[in-house]
Amino acid sequence: MELKQYNLFFLYQETVALTKRLFIQLKRRPSTLLAGILQPIIWLFLFGALFSKAPEGFLPGVDSYGNFLGAGLIVFTAFSGALNSGLPLMFDREFGFLNRLLVAPLASRLSIVLSSFFYITILSFVQSIVIMIVSFVLGYGWPDFYGLGIVFTTLILLVLFVTSISLCLAFVLPGHIELIALIFVINLPLLFASTALAPISFMPNWLGWLASLNPLTFAIEPIRIAYTQTMNLDVVALHAPYGDLTCKSCISILFSLTVFSLIIIRPLLNRKLN
Amino acid sequence: MNYIQITDISKSYSDIQALKDLSMEINAGSLFGILGPNGAGKSTLIKILATLVEPDGGEVFINNINLIKNPRKIRELIGYVAQDIALDKILTGRELLDFQSDLYHMNKKEKYERIKLLINQLEMNDWIDRKCGTYSGGMKRRIDLAAGLLHLPKVLILDEPTVGLDIESRNIIWQLLKDLKNDGMTIILSSHYLDEIDKLADSLVIIDDGKVIAQGTPSQLKNKLGGDRITLKVREFSTHEESKKISEILSSINGISQIIINKAQGYSINFVVDKEKDLLTKLKVELAFSKFEIFSLAQSQPSLDDVYLQATGKTLLDAEISMTGKRDLKKESKQSMR
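Those sequence lines, one after another, are chains A and L. For the first sequence, position 141 matches number 129 in the working numbering, and the numbering has no gaps at all. Add 9 to a position in the second sequence, counting from 1, and you land on the number used in the working numbering.
Below, the structure is given as structure tokens:
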């Protein structure tokens, strides 16, 4: 075989192969997908029921708690999926399958990372759409066309941000036990220290500060606006202790965090993959 | 023609020096064996050749391409079959080969033909469409070998490919390696099985403690030892002092050389006798004179194990046993994880 010129087609071919492998795994072991859908649906029912008799006007700008909660659970679903995205890579490292990829003349080892991004993004979208449909059936609303664009843009940014961190952890931590432990530690606290379940006005000052600095909040609030009113990027989405933030500001912060995380992990990925 | 040149490579893992200025040359189209006990540095050397580990020092050239500077070009040339078989349990064997061929950027036609050929060559037709998680050790090794051969590499690198295999799988693999060599492929095979290297290798190195201790063709190495090997015991388990005395007696006999006391085998004594002389009668007389009776006396043609014994003072098996418990496999595995 002649030495080949590396080109974009090769990058495409290997990225498709790597992504296809992840989807074959998902098809034959769908429990992750199902659990990722079932958990937020259960939460939607339980939390929705928990506050179903809350007095009118209890939450500003929404008809019901379910209406408020939907955005939080969509983001939480995408966040959890992305946070777990490092696990397949960690298993590949531990069981030596990663070596199979590393001895291959990949056009770019970026394809290993890209395939994880594609897989998790599609998976998160599928899970989020199911949650959105269930929310809609329960009468918690549906965003308009522009709002849908904001929902998916926000989710892509969040998934990229969290997936890059998770992949980074998959290379840094010594094994899957440590990675799972860390996921356990950060998953729920990040949810509770965000505006997924309650607005900042309900929180003590310190928690309000935490929530208003939490990346999840920057994803939740624009989606909540998309659910509760006609989408307008200049509308104030977050009343943070440090000032009001519009939808545009929240998405910009999320975008900056995503770019920053991708820049930060690049040297590590280069070191580990080259 | 030297297709692969390895010059003074060294590699350390924290406090362990796995390779110490190791050099060797491998001819194109030959089957080259790397023999040594577990922990000798074979796998580190193989991983360097497979571009998985970068050496701390030294140079490696394959087909005049610098491995350290151009690892991607080297990856086009090599096929790698790792010691620990890493398959995706969820994929079927065919899906795994399909996946692997995409990583090597093969086109559809090329991919289809190679997969079909390898399935037939490695007799995998009956189970190729079953999930890899259901395969036996032999099946796993065969599919792993097929994956390494998919892109028709110029150099096939195999790290202990027949460890723990059934005889059928081992014979299939041996036959395939012979066929590949006859087709002109350069094959590097690491093993701690003497018979495997002896039967298959055109030339070999013996590695111990990260260093090359012997290099040549199997017959060259064995012939260097001179005459036949004798293993002598005066009782089932002698003491060191007793064996030392016998060793002194033996060294006084002209025509006996390379006397080694083999501690791990009950202080038996190994030595070489000159083929031209009938020394065994003289030996018996000398021992009887010193009031030693012969418990057992075994005579054999020199083997690669004798080459190893001569260089290190222990047999390969003894070296394996002495390493048992000393190696922290979990730590080594973590160190080699990317």
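All residues carry an ideal CB built from backbone N, CA and C; glycine is no exception.
As assigned by DSSP and simplified to three states, the class of residue i
| i | result |
| --- | --- |
| Asp111 (chain L) | helix |
| Asn(-5) (chain A) | coil |
| Lys323 (chain L) | coil |
| Met148 (chain L) | helix |
| His227 (chain A) | strand |
| Tyr107 (chain A) | helix |
| Arg254 (chain A) | helix |
| Ala297 (chain L) | helix |
| Ile137 (chain L) | coil |
| Ser39 (chain L) | coil |
| Ser73 (chain A) | coil |
| Ile197 (chain L) | strand |
| Thr263 (chain A) | In the structure as shown, chain A starts at -11 and stops at 262, and residue 263 (chain A) therefore has no counterpart that could be examined. |
| Leu204 (chain A) | helix |
| Ser182 (chain A) | coil |
| Ala95 (chain A) | coil |
| Asp80 (chain A) | helix |
| Gln217 (chain A) | coil |
| Asp192 (chain L) | coil |
| Asp314 (chain L) | helix |
| Leu261 (chain A) | helix |
| Leu126 (chain A) | coil |
Residue j beta carbon less than 8 angstroms from that of residue i
| i | j | result |
| --- | --- | --- |
| Tyr128 (chain A) | Asn55 (chain A) | yes |
| Phe280 (chain L) | Ile265 (chain L) | yes |
| Pro203 (chain A) | Phe149 (chain A) | yes |
| Gly102 (chain L) | Ile152 (chain L) | yes |
| Ile196 (chain L) | Leu203 (chain L) | no |
| Leu157 (chain A) | Leu145 (chain A) | no |
| Leu71 (chain A) | Ser152 (chain A) | no |
| Val101 (chain A) | Ala214 (chain A) | no |
| Trp31 (chain A) | Leu10 (chain A) | no |
| Gly219 (chain L) | Leu31 (chain L) | yes |
| Arg84 (chain L) | Ala37 (chain A) | no |
| Ile278 (chain L) | Leu241 (chain L) | yes |
| Leu174 (chain L) | Leu154 (chain L) | no |
| Thr271 (chain A) | Val224 (chain A) | Here chain A comprises residues numbered -11 to 262, so residue 271 (chain A) is not present and cannot be evaluated. |
Start-to-end residues for the alpha helix (DSSP H) that takes in residue i
| i | result |
| --- | --- |
| Thr142 (chain A) | 133 to 160 |
| Glu205 (chain L) | 203 to 209 |
| Ser200 (chain A) | 193 to 201 |
| Ser52 (chain L) | 51 to 58 |
| Leu90 (chain A) | 85 to 90 |
Inter-residue Cα distance where the pair is residue i and residue j
| i | j | result |
| --- | --- | --- |
| Leu86 (chain L) | Tyr0 (chain A) | 21 angstroms |
| Leu(-9) (chain A) | Lys82 (chain L) | Note on Leu(-9) (chain A): pLDDT 46, under 50, position unreliable in the model; the coordinate value appears next. Cα-Cα distance, rounded: 7 angstroms. |
| Ser110 (chain L) | Asn191 (chain L) | 24 angstroms |
| Leu198 (chain A) | Ala181 (chain A) | 6 angstroms |
| Lys29 (chain L) | Ile43 (chain L) | 15 angstroms |
| Asn193 (chain A) | Leu143 (chain A) | 28 angstroms |
| Pro28 (chain A) | Leu179 (chain A) | 12 angstroms |
| Asn175 (chain A) | Ile137 (chain L) | 41 angstroms |
| Ser244 (chain A) | Phe67 (chain A) | 17 angstroms |
| Asp24 (chain L) | Glu82 (chain A) | 22 angstroms |
| Ile12 (chain A) | Lys149 (chain L) | 20 angstroms |
| Asn263 (chain L) | Ile216 (chain L) | 32 angstroms |
| Gln92 (chain L) | Glu169 (chain L) | 5 angstroms |
| Ile268 (chain L) | Val243 (chain L) | 15 angstroms |
| Leu100 (chain L) | Ala307 (chain L) | 52 angstroms |
| Leu126 (chain L) | Gln274 (chain L) | 48 angstroms |
| Asp237 (chain L) | Glu68 (chain L) | 39 angstroms |
| Tyr141 (chain L) | Lys120 (chain L) | Per the sequence shown, residue 141 (chain L) should be read as Cys rather than Tyr. Between Cys141 (chain L) and Lys120 (chain L), the C-alpha separation is close to 19 angstroms. |
| Lys323 (chain L) | Lys272 (chain L) | 8 angstroms |
| Glu257 (chain A) | Phe159 (chain A) | For the record, residue 257 (chain A) in the displayed sequence is Leu; it is not Glu. Approximately 8 angstroms between the Cα atoms of the pair. |
| Gln224 (chain L) | Arg179 (chain L) | 25 angstroms |
| Met194 (chain L) | Val62 (chain L) | 23 angstroms |
| Thr143 (chain L) | Asp97 (chain L) | 11 angstroms |
Limits of the beta strand (DSSP E) - the one that residue i falls within
| i | result |
| --- | --- |
| Ser21 (chain L) | 11 to 22 |
| Lys29 (chain L) | 25 to 36 |
| Ala307 (chain L) | 305 to 309 |
| Ile188 (chain A) | Per DSSP, Ile188 (chain A) belongs to no beta strand (DSSP E) and is neither H nor E. |
| Ser212 (chain L) | 212 to 217 |
Any non-hydrogen atom of the ligand FMN closer than 7 angstroms to residue i Cβ
| i | result |
| --- | --- |
| Glu329 (chain L) | Ligands are entirely absent from the displayed structure, and the ligand FMN is therefore not among its contents. |
*Residue ranges of each beta strand (DSSP E) within the region 226 to 290 of chain L, 3 or longer*: 237 to 242, 265 to 271, 277 to 282
*Note down, one range per segment and in chain order, each beta strand (DSSP E) of at least 3 residues found wholly within the region 60 to 128 of chain L.*
66 to 71, 87 to 90
*Please list the segments of the alpha helix (DSSP H) lying wholly inside the region 5 to 55 of chain A, counting only runs of 4 or more residues, in order along the chain.*
19 to 38
_Entirely enclosed beta strand (DSSP E) segments - the region 147 to 187 of chain L, minimum 3 residues_ = 164 to 168
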